[in-house]
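Encoded as structure tokens, the structure appears first; notes follow it.
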Amino acid sequence: MSDERTISFTLNGSKRSCRIRPRVTLADLLRDQLDCTGVHLGCEQGVCGACTVLVNGRTARSCLMLGVQAEGVSIRTIEGLAGAGGGLHPVQQAFSAAHALQCGFCTPGMILAAVELLGENPAPSQAQIREALSGNLCRCTGYANIVSAVGRAAETLRETRAPEATSGPEAAGGSPAGGAENSRPEGAR
Amino acid sequence: MKPPPFGYQAPETLEEAVYLLGQYGDDAKVLAGGQSLMPLLAFRLARPSLLVDINRIRELESLRHAAGRLDLGSLTRHRTVELAGSPAVPAAITEAAAQIGHVAIRNRGTVGGSLAHADPSAEWAAVTLAYDGIIVARSVAGERRIPAAEFFVGYLTSALLPTEIVTRLELRLPDRPAGSAFAEFARRHGDFALGGVASVLALAGDRSVRHARVAVIGAGARPVRCQAAEAALVGREFDGAAAAAAAGAIGPDLELTGTDSGERRFRLQVARTLTRRALHAAAGRAERAVSERE
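The listed protein sequences correspond, in order, to chains A and B. Read in order, the letters of the first sequence are residues 18 to 206 in our numbering. Read in order, the letters of the second sequence are residues 533 to 826 in our numbering.
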């Protein structure tokens, strides 16, 4: 019995459709069929946060969603975060500048959690940053630099978003203002 | 860590969903937010032959304030309640919602899913008991209204039948100026609570307690409303001694769990401390509510 079904959704700004069985998690769909290997699978039981993606702009653990549940939604993974020219997103830029990654395994989830936070709260406190990242585990225990990177990204984004900002573009690493909303066409990787 | 094979249906109406549950009974599982069911599938602790995904039944996602009542559709996400920002949603409810897991979990997890899972440390259980909640369930046989006191039966066990879906949680709000608070303790942020307390206090014009609710989660095999603690509060003015008396009255009804007497004592102590904290916070808010009315 083939129980495959066809689903259509938006992945990093591009329309996609594929055939999958219901038992395939969203994480496995993204990794195995759509080459989004930046979706890291740590625990596959909703504990580590490494597989975090944005579903309609909000973080979700892709190991706790089924691929079939992607029908009709918009998904953004770490692959869809950089600007069209390949310039890093301000949050990615800040992670690099603040040495916020060591082995890099938790990084995609951390960055997407930070993107959601900064979309809702442009000036988070240290405590709010820590709360927002609390569902993402880093086993290199590089939390201090991760928290400071998010604070740094918040500053950059505030400068680039403010209409009277004068020092935005170079700090944002060449990404246009509001880079969070930019998408890179599929296949540009 | 991959889910076992299962059939999958994502109906768009409640009627279709309850029909499927009626057909499959125990062999079907309702998939709401998936924040508990998906790990259970990954561990193969659950092996349903059919998953009934209710995420397309939009009518189940709602937050409505009606006279003296707050109605939460079963598919309402924790995060929606946390960020409701409405004066109609009491503080204890937003505080409880905000302490469930982590943001990504609250974005997906649902009120009804939490209730149906009946974890003894679930924040929604405390809210449900503290607001004399009624869990509304539907099956092909019709609608059933289950009072909170009868809903939580035991560890991961509720009064819900396999053929029923939770459609709504109705919370009854006090009809006089009231304050509320939720306090919990966990070893790490977002972990399952080792204890949690929701409290509601309504005060009369002379500042005496007219209505009190104290509900405890995480201490025993099921969440409980502590009526002895409430009785220790009603009729007297709220102060530190009243809070201590209420906290001291907690104990026999908790059905404490723990591998030894030390752990049980610890859980009792946590519940009592959280009771005092929640009551003090609720009393401060109730006091302000009375002042505003005057």
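Ideal Cβ placement from N, Cα and C applies to all residues, glycine included.
Which bits of chain B does residue i rub up against, with CB to CB less than 8 Å?
| i | result |
| --- | --- |
| A77 of chain A | A636, N639 and R640 |
| G152 of chain A | G633, H634, V635, A636, I637 and G722 |
| A149 of chain A | V635 |
| G66 of chain A | H634 and A636 |
| E21 of chain A | The premise fails here: E21 of chain A is roughly 11 Å from chain B at the closest Cβ pair, so nothing lies under 8 Å. |
Mind checking which residues open and close the alpha helix (DSSP H) that includes residue i?
| i | result |
| --- | --- |
| I146 of chain A | Q143 to L150 |
| E795 of chain B | S793 to R825 |
| T173 of chain A | Y160 to R178 |
| V635 of chain B | V635 to R640 |
| G555 of chain B | Sequence inspection shows Gln at residue 555 of chain B; the Gly mentioned does not correspond to that position. Unbroken alpha helix (DSSP H) run through Q555 of chain B: L546 to Y556. |
| A827 of chain B | Residue coverage of chain B in this structure runs from 533 to 826, which leaves residue 827 of chain B outside it and unanswerable. |
| A599 of chain B | First-last for A599 of chain B: undefined, no H or E at that position. |
Less than 8 Å between the beta carbons of residue i and residue j, yes or no?
| i | j | result |
| --- | --- | --- |
| L83 of chain A | L135 of chain A | no |
| N29 of chain A | E96 of chain A | yes |
| G565 of chain B | T642 of chain B | yes |
| V729 of chain B | A658 of chain B | yes |
| A629 of chain B | G711 of chain B | no |
| A779 of chain B | F714 of chain B | no |
| P571 of chain B | Q62 of chain A | yes |
| H597 of chain B | S151 of chain A | no |
| S690 of chain B | A662 of chain B | no |
| A616 of chain B | L595 of chain B | yes |
| R169 of chain A | A111 of chain A | yes |
| S91 of chain A | L47 of chain A | no |
Leaving out the 5 sequence neighbours to the left and right, which residues in its chain are closer than 7 Å to residue i when beta-carbon positions are compared?
| i | result |
| --- | --- |
| P706 of chain B | V732, A734 and H743 |
| V621 of chain B | L602 and V613 |
| L788 of chain B | A751, G752, R796, R799 and L800 |
| G195 of chain A | Only weak support is given to the placement of G195 of chain A: the predicted model assigns it a pLDDT of 38, under 50, and the value that follows is read from those uncertain coordinates. Cβ within range, chain order: R178. |
| N162 of chain A | A115, H116 and A117 |
| L692 of chain B | A648, A669 and V698 |
| P524 of chain B | A query on residue 524 of chain B cannot be resolved here, the shown segment of chain B reaching from 533 to 826 and no further. |
| N639 of chain B | R609 and R611 |
| P580 of chain B | F538, D559, A560 and K561 |
Using a cut-off of 7 Å between C-beta atoms, extract the partners of residue i located in chain A.
| i | result |
| --- | --- |
| Y540 of chain B | P39 and V85 |
| P709 of chain B | Result: empty, since nearest Cβ-Cβ is about 31 Å, beyond 7 Å. |
Residue i CB to nearest chain C CB: under 8 Å?
| i | result |
| --- | --- |
| Q567 of chain B | No chain C is part of this structure, whose protein chains are labelled A and B. |
Who are the neighbours of residue i on chain A, taking C-beta pairs under 9 Å?
| i | result |
| --- | --- |
| P535 of chain B | P39, R40, V41, T42 and L83 |
| P543 of chain B | Per Cβ cutoff of 9 Å: no residues; P543 of chain B is ~13 Å from chain A at best. |
| P622 of chain B | Ordered by position in chain A, no residue passes the 9 Å Cβ test against P622 of chain B, which lies about 22 Å from the chain. |
For residue i, go through chain B and note every residue whose CB falls closer than 9 Å to its CB, in chain order.
| i | result |
| --- | --- |
| T69 of chain A | A636 |
| G97 of chain A | Within chain B, no residue comes near G97 of chain A; the closest Cβ sits about 17 Å away, beyond 9 Å. |
| A101 of chain A | What A101 of chain A touches in chain B: nothing, since even the nearest Cβ is about 27 Å away. |
| A130 of chain A | H634, V635 and A636 |
Please list, in chain order, all residues of the same chain as residue i whose beta carbon is under 6 Å from its beta carbon, the five residues on each side excluded.
| i | result |
| --- | --- |
| A774 of chain B | L765 and R768 |
| V668 of chain B | R677, T699 and R700 |
| V822 of chain B | P709 and L735 |
| P694 of chain B | G557 and D558 |
| P139 of chain A | R175 |
| A182 of chain A | Any answer about A182 of chain A is weak, because its pLDDT of 44 lies below 50 and its placement is not dependable; what the coordinates show is given next. Closer than 6 Å at Cβ, skipping near neighbours: E176. |
| A654 of chain B | S646 |
| A542 of chain B | D585 and R588 |
| V41 of chain A | G84 |
| G554 of chain B | V672 and T695 |
| A205 of chain A | With a pLDDT of 36 at A205 of chain A, under the threshold of 50, the modelled position of this residue cannot be trusted; read the value that follows with caution. Nothing meets the Cβ criterion. |
| K32 of chain A | none |
| A777 of chain B | A764 |
Hey, would you say the C-beta of residue i is under 7 Å away from at least one heavy atom of the ligand ZN?
| i | result |
| --- | --- |
| T177 of chain A | Summarising the ligand content, the structure contains no ligands, and the ligand ZN is consequently not present. |
Within the same chain, show all residues whose beta-carbon is closer than 8 Å to that of residue i, passing over the 5 residues directly before and after it, in chain order.
| i | result |
| --- | --- |
| P125 of chain A | G55, V56, H57, A67, T69, T94 and I95 |
| I782 of chain B | V746, V748, C758, A760, A761, L800, A803, R804 and T807 |
| R719 of chain B | L726 |
| T23 of chain A | S34, C35 and R36 |
Can you list the residues of chain B that residue i reaches, using a CB-CB cut of under 7 Å?
| i | result |
| --- | --- |
| E176 of chain A | The contacting residues do not exist; E176 of chain A stays about 25 Å from chain B at best. |
| Q143 of chain A | The premise fails here: Q143 of chain A is roughly 14 Å from chain B at the closest Cβ pair, so nothing lies under 7 Å. |
In terms of residue numbering, what span does the beta strand (DSSP E) encompassing residue i cover?
| i | result |
| --- | --- |
| P652 of chain B | Looking at the DSSP string, P652 of chain B is not in any beta strand (DSSP E), and its letter there is neither H nor E. |
| P107 of chain A | Unbroken run through P107 of chain A is the alpha helix (DSSP H), P107 to A114; no beta strand (DSSP E). |
| I666 of chain B | I666 to S671 |
| F684 of chain B | F684 to G686 |
| Q541 of chain B | G539 to Q541 |
| I37 of chain A | S31 to I37 |
| H57 of chain A | Careful: H57 of chain A lies outside any beta strand (DSSP E) and carries neither H nor E. |
| V748 of chain B | V741 to I749 |
| A564 of chain B | Premise fails: A564 of chain B is in no beta strand (DSSP E) and is neither H nor E. |
| P679 of chain B | G674 to P679 |
Under 8 Å Cβ-Cβ, which residues of chain A neighbour residue i?
| i | result |
| --- | --- |
| P619 of chain B | Near P619 of chain B there are no residues of chain A at all, since even the closest Cβ is about 21 Å away, more than 8 Å. |
Discussion item. Please list, in chain order, the residues of the stretch 575-606 of chain B that have any C-beta partner in chain A closer than 8 Å.
Written reply: If the cut-off is 8 Å between Cβ atoms, the stretch 575-606 of chain B has F575, L583, D585 and N587 near chain A.
Fill in: Proximal residues, the stretch 159-175 of chain A versus chain B, C-beta separation under 8 Å
The stretch 159-175 of chain A vs chain B, Cβ under 8 Å: nothing.
Discussion item. Taking beta-carbon pairs under 7 Å, can you tell me which members of the stretch 694-708 of chain B lie near chain A?
Written reply: none
Item to complete: Please name the residues in the stretch 750-761 of chain B whose beta-carbon is closer than 8 Å to at least one beta-carbon of chain A, in chain order.
Response: none
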